[in-house]
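Chains as they are written, first to last, in the numbering used here: chain F, 1031 to 1655; chain X, 290 to 384.
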Amino acid sequence: MSHLPTAIVLLPFAGFLLNGLAGNRLGPRFVSLVGCGLPIAAFVLAVLGVLDTRAAGWTPRIDDVYSWLVAGDNRFDVAFYLDRLSAVMVLIVTGVGSLIHLYSTGYMKGDKSYARYFAYLNLFLFFMLLLVLGRSMLVLFVGWEGVGLASYLLIGFWFEDPDKARAGKKAFITNRIGDAGFLLGMFVLYEAFGTLDMDRINVAFLAGAPGVSATLVGILLFIGASGKSAQIPLHVWLPDAMAGPTPVSALIHAATMVTAGVYLVARMSGIYVNAPEASALIAAIGAATAFFAATIAVVQTDIKKVLAYSTISQLGFMFVAAGVGAYGVAVFHLYTHAFFKACLFLGAGSVIHAMSGEQDIRKMGGLARKIPVTFATFVVATAAIAGIPPLAGFFSKDEILWFAFGSSRGGSGLLYATMATTALMTSFYMFRLVWLTFFGRSRMTAEVEHHVHESPLSMTSVLVVLALLSAIGGFLSIPHFLEPQLALPEIVPALEHYETPLLIASIALAFAGLAGAAYVYGGAGGRAERLAARFATLHRVLSGKYYVDEAYEALIGRPLLWISDRVFLRIGDRALFDGTLHGFAALGRSAAAGFARIQNGSLHVYALLVLIGIVASISFAWRHA
Amino acid sequence: MLIGLSAAIFALGLLGVIVRRNVLVMLMCMELMLNGVNLSLVTFAQQTATAAGAVLVFLVFVVATAEIAIAIPIVLLLVKRKNVLDLDAYTDLKG
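Pasting the structure below:
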């Protein structure tokens, strides 16, 4: 079983081919079987592979598959690499991925493009596995671009709606900007080391004197990571990406793909350990993103948009952890986040399902009794993300806060204060979501209310499993597990005795958010509206998402359009290119018209011309003899 | 001396082709040009004491005869149509 990682990667690809080529002909039952069966098989193989690697004492398992390109001394191999970090990632990707595939069989039932949906979803899984298992950055990059493609295809899955197709395009283009940075980083690394194998690069950096600026490479790679993981200033695509089917939001835009940036930073930790400036930048961007996204989430009214901003905010948390050197903690939060955010998104999908497609939480309310399983699982996941002990989110978030405060590699009081405020807001907006959706009076129309129903077993069972994992997932200490590979930073000795007070503060923050939401949205009504009225300007700015999209439109979009139209189209294309070609054509035509006049049918003129020709050539020959 | 004569005959023929309008005269002038060339050929052959030039002249004679054998019937057909020998009447034949 030496090619086990290859098998894990290729199984979903086989699913893509089967469903993509033959799915429509073979019917939905076959599509479900292949679409869910192969990811589950991949999960089983992943478990086997991880157990096997553990039995071998966690020596990284390298699976050389194929020599992609050999040109002189340059060679690029396709090889898979299974160590502690990729073990965690591969289990998350195949495990949560399989669950979401199962859920999709219920959610997408009856869609006319059922086979296409599963083909794309399997394709995504294939590329994601390529991303997390690739040994070389080049393989990682192929996966990186591939998940971007799958994300584009799935965001624009219902492409008949131009808005959704546009959201897909926006995601794709925004990611390209980040990818440019990633590519440059790869070029620099290859130039310096002659290899793109990530383990070798890490070793070279850790050995010291790598001959290339770690800060430069670190920042370039982080630009790529910030595109994929929706960090400021490239975060604008993720909220729009909610146009895709909800399970897609859960799988791609919450649990797996958007965390690829975090994985990249953790994977290349050898670089960042040597690049304090780049790490500081990551922490700063992560903190800013976490904070601003949380403030926006507080006022959003679309159930999926709240979760989208929450995802951006949580990704910010992960980057803060990575920025202060606690890579294992970043992966820990990635892992718990995959459970509770997938559960939240799938719960939201179940709510939307029950509400006949309605996503506006102002038109919900009082759903707790009507869809009890969805409600229960949603509350568990909410408590987990809010950081209420002993659920999974509490452990990972508390560790992030602790390292943001005390890490000797960039922890500070300011960072802690920002993240603590964000944690408070997280708890607040998540419980606000719960209150508006499930509690209080129903604000539904009678028509919608009549149709409210609990989702089928295929969906609720997945919700239950994920809620269970969100509840107990935190007891598996990922940072401890990863420590031999990703060492945790030292805590500043003077701050060590703050650990217990901060732990209590974390718990207090989570409950404060809960209490705040209960007070504002649970009370006799009107409190939320009064607050919005009192801070009208703030409310408007937050609802407008800080007008980042509008600013991009004004600063980049419109000048680009103007330059394209005025300079490139009118001057460049029409005047220069078309003008030159039309000019040549006109020259040819007028010259031809002139020569045509000579051919007038008079033999004498022809003879005269022959004479002139002879005389001219003889005199020429005479002179140059 | 003979070269000069051959050049003069050739030039005379060319001039005739260019300035005269009568088709038959033009044909005759073309023969004049051919003969000018023939004269130069035999002259060169004699000057260099080789036979090739003289042989070439016989070839030219054969070709010229064939050419006239084609050209005269063409002229006859043209004249049959319009009853004029002036070549300017036939400019509508241009391709």
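Beta carbons: idealized from backbone N, C-alpha and C, even for Gly. It should be emphasised that the depicted structure is a prediction, and the values quoted were computed from it without experimental measurement.
{"Query": "Tell me the DSSP secondary structure of V1482 of chain F in three-state form.", "Result": "coil"}
{"Query": "On the three-state DSSP scale, how would you describe M1031 of chain F?", "Result": "Reliability of the predicted coordinates at M1031 of chain F is poor, the pLDDT of 47 falling under 50, and the value obtained from them is presented with this limitation in mind. Looking at M1031 of chain F - three-state DSSP - the assignment turns out to be coil, as it is neither helix nor strand."}
{"Query": "From the beta carbon of S1647 of chain F, is the nearest beta carbon of chain X less than 8 Å away?", "Result": "no"}
{"Query": "Just the Cα atoms here: how many angstroms apart are V306 of chain X and I1644 of chain F?", "Result": "15 Å"}
{"Query": "List the residues of chain F that D375 of chain X touches, going by C-beta distances under 7 Å, in chain order.", "Result": "What D375 of chain X touches in chain F: nothing, since even the nearest Cβ is about 11 Å away."}
{"Query": "Select from the region 1606-1633 of chain F all residues with a C-beta closer than 7 Å to any C-beta belonging to chain X, and list them in chain order.", "Result": "Q1629, N1630, G1631, S1632, L1633"}
{"Query": "Would you give the residue range spanned by the alpha helix (DSSP H) that N1205 of chain F belongs to?", "Result": "1192-1223"}
{"Query": "From the DSSP output, which residues share a beta bridge with F1106 of chain F?", "Result": "F:L1099"}
{"Query": "Mind listing the chain X neighbours of A1637 of chain F? Cutoff is C-beta to C-beta under 9 Å, in chain order.", "Result": "L303, V306, I307, M315"}
{"Query": "What does DSSP give as the partner residue(s) for S1437 of chain F in the beta ladder?", "Result": "F:I1521"}
{"Query": "Does the region 1116-1127 of chain F come into contact with the region 1225-1244 of chain F, if we say contact requires no fewer than three beta-carbon pairs (one atom in each stretch) closer than 8 Å?", "Result": "no"}
{"Query": "Taking 7 Å as the cut-off, is the C-beta of E1429 of chain F nearer than that to any heavy atom in the ligand NAP?", "Result": "What this structure holds is no ligand at all, so the ligand NAP is not there to describe."}
{"Query": "Report the three-state DSSP secondary structure of G1164 of chain F (helix, strand or coil).", "Result": "strand"}
{"Query": "Using 8 Å as the cut-off, can you tell me whether the region 1209-1224 of chain F makes contact with the region 1243-1261 of chain F, which would need three or more C-beta pairs spanning the two stretches below that distance?", "Result": "yes"}
{"Query": "Quick check on E1429 of chain F: buried or exposed, where buried means 16 or more other Cβ atoms within 10 Å of its Cβ?", "Result": "buried"}
{"Query": "Between which two residues does the alpha helix (DSSP H) holding W1088 of chain F run?", "Result": "Segment: none, W1088 of chain F is in no alpha helix (DSSP H) and carries neither H nor E."}
{"Query": "Please confirm if the region 1339-1357 of chain F is in contact with the region 1431-1441 of chain F, defined as three or more CB-CB distances below 8 Å between the two stretches.", "Result": "yes"}
{"Query": "Using a C-beta to C-beta distance shorter than 7 Å, which residues of chain F count as neighbours of K371 of chain X?", "Result": "Here the premise fails: no neighbours, minimum Cβ distance about 14 Å."}
{"Query": "Give the interface partners of L366 of chain X over in chain F, defined as CB-CB distance under 9 Å, in chain order.", "Result": "Those within 9 Å of L366 of chain X in chain F number zero; the least Cβ separation is about 16 Å."}
{"Query": "Please report the straight-line C-alpha distance between K1371 of chain F and Y1133 of chain F, rounded to a whole angstrom.", "Result": "14 Å"}
{"Query": "On a CA-only basis, which of F:S1472, F:A1244, F:V1080, F:P1275 is nearest D1141 of chain F? Give me that one, please.", "Result": "F:P1275"}
{"Query": "Unbroken beta strand (DSSP E) runs of length 3 or more, entirely within the region 1313-1368 of chain F: which are they?", "Result": "none"}
{"Query": "For the region 1355-1370 of chain F against the region 1420-1427 of chain F, are there 3 or more C-beta pairs whose distance is under 8 Å?", "Result": "yes"}
{"Query": "With a cut-off of 8 Å, does the C-beta of L1599 of chain F fall near any C-beta of chain X?", "Result": "no"}
{"Query": "So, is W1652 of chain F buried or exposed, given that buried needs 16 or more other C-beta atoms within 10 angstroms?", "Result": "exposed"}
{"Query": "Mind checking whether G1136 of chain F and S1500 of chain F have CB atoms under 8 Å apart?", "Result": "no"}
{"Query": "At what residues does the alpha helix (DSSP H) containing D1579 of chain F begin and finish?", "Result": "1578-1582"}
{"Query": "At 8 Å on the CB atoms, spell out the chain F contacts of T354 of chain X, in chain order.", "Result": "None at all; the shortest Cβ gap to chain F is about 22 Å."}
{"Query": "Per DSSP, L1112 of chain F forms a beta bridge with which residues?", "Result": "F:R1091"}
{"Query": "List the residues of chain F whose Cβ lies closer than 8 Å to the Cβ of T332 of chain X, in chain order.", "Result": "Here the premise fails: no neighbours, minimum Cβ distance about 18 Å."}
{"Query": "Please name the residue in F:G1443, F:K1400, F:G1504, F:G1387 whose C-alpha comes closest to that of A1413 of chain F.", "Result": "F:G1504"}
{"Query": "From the DSSP secondary-structure annotation, give me the bridge partner or partners of D1141 of chain F.", "Result": "Looking at the DSSP assignment, D1141 of chain F forms no beta bridge with any residue, so it has no partner."}
{"Query": "What residues in its chain sit with their C-beta under 6 Å from that of I1301 of chain F, if we drop five residues either side in the sequence?", "Result": "F1235, A1244, V1247, G1248"}
{"Query": "Among residues of its own chain, excluding the 5 on either side of M1031 of chain F, which ones have a beta-carbon nearer than 6 Å to its beta-carbon?", "Result": "Below a pLDDT of 50, predicted positions are generally treated as unreliable, and M1031 of chain F, at 47, falls in that range; the measurement from the model is reported next regardless. Cβ within range, chain order: n/a, list empty."}
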